[in-house]
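In terms of my numbering, the sequence shown opens at residue 1196 and continues consecutively. Read through the structure below, which is laid out as structure tokens, and then see the notes.
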Amino acid sequence: MLEGSIKRIILAALATAVASVLLAAIIGAPDQSEAALVERGDGAQVVIGTDDDNTNNPKIQPPDTAANQSLNNADVLSSGAGNDVLIGLLGSDVMQGETGRDILVGGTEQFSQPNSDIIFGGTENDTNVWAPGDGSDAFLGEKGLDAQVFGVIDRDATTNVPTLSEPVSGFPKGVPTAEVTNSPGFCTLERIGERNSLNYDFLVRFFVRSTGNLAVTIRLEDTEQVFCTSEAGGEITFADLKQYNPEFVEVSLAEVRELNGDVRRIIR
């Protein structure tokens, strides 16, 4: 288990590679002088990665240097107290939910530019949403009832930024929404043995239904729920990771509401 001190070391190590900036707008094109450390204060909000730590940013990439000096669009996203939505977009991001019921989206790419994200939930009930096409991530839920969701995220076709629902209870700016019932893949679940050096609790593997190929592996620590799609498609599946030998079972949307109200607001 990663303790809070280790988490802070990881965040600090990555943060030293970029300049600290407080973005005034929730969504907008970043100025080229902005870097990729995004920190927000308290209150329910939407935090979106700038995708600006790349070779096109003169603050990062000296014009007379051929070697890549960037983090390839990686962002470090951190929210404060409140129910927040964090969206990483491109790059291999580090995301920290902090206090509140947070919804975290590492990336939205559809089988084109996979990136690997490290995502921390925080102190309350958090939800991590993985979209087909993103990379192999690690989700460390920490305290509370935390859920991992696999689904096709609704997004703007031009910007790839997830579209948000109308305001819902606890999320005045809305929540990202995702198709889970008819997702193009299915999941398997594997508990990590105590003697394994990886030190995570579970590995969840996502397979592409049309080919049967393994697409990604999601590492889970301190996470209690997984929502995915049935192998045949057309049904939502759920695994209760509080059980010693959890297995995926089919559930209805009504049952999802009973299991996790925030997940029900996200998925269909």
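Heads up, the beta-carbon is just placed ideally off N, CA and C, and yes, glycines get one too. These numbers were taken from a predicted model, which means no experiment stands behind them.
The C-beta separation of V1451 from V1458 comes to about 6 Å, placing the pair in contact by the 8 Å criterion. Cβ contact annotation for N1310 (same chain, cutoff 6 Å, sequence separation greater than five): G1286, S1287, G1302, G1330, in chain order. Where E1385 is concerned, the enclosing beta strand (DSSP E) starts and stops at 1380-1386. Per DSSP, the beta-bridge partners of Q1291 are S1273, F1315. Three or more beta-carbon pairs separated by less than 8 Å link the region 1334-1345 to the region 1313-1324, which places the two stretches in contact. Excluding its 5 nearest sequence neighbours in each direction, L1454 has C-beta neighbours in its own chain below 8 Å: Q1420, F1433, V1446, listed in chain order. Three or more pairs of CB atoms, one per stretch, sit closer than 8 Å, so the region 1374-1383 contacts the region 1423-1431. Per the Cβ contact rule, the region 1347-1365 is not in contact with the region 1385-1393 (fewer than 3 Cβ pairs under 8 Å). In the structure shown, G1336 adopts extended strand secondary structure according to DSSP, grouped into three states. Between G1365 and E1337, the C-beta spacing is not below 7 Å. In the three-state DSSP reduction, R1459 falls in the helix class (H, G or I).
In summary, S1392 is exposed, with fewer than 16 beta-carbon neighbours lying within 10 Å of its beta-carbon over all protein chains present. A check of alpha carbon separations from G1275 across V1370, S1360, A1239, I1314 identifies A1239 as the nearest. DSSP assignment within the region 1403-1462 yields the following whole beta strand (DSSP E) runs of 3 residues or more, N-terminal first: 1409-1416, 1420-1424, 1431-1435, 1444-1446. Boundaries of the beta strand (DSSP E) around A1342: 1342-1345. Our two residues, T1245 and R1400, have alpha carbons roughly 29 Å apart in a direct line.
Beta-bridge partners of N1323 (DSSP): L1299, Q1343. Of the residues assessed, D1279 falls on the buried side of the cut-off, its CB having 16 or more other CB atoms within 10 angstroms. Per DSSP, the beta-bridge partners of P1357 are R1350. Considering only D1396, G1380, C1423, the residue with the shortest C-alpha distance to T1406 is G1380. For I1282, the uninterrupted beta strand (DSSP E) segment begins and ends at 1280-1282.
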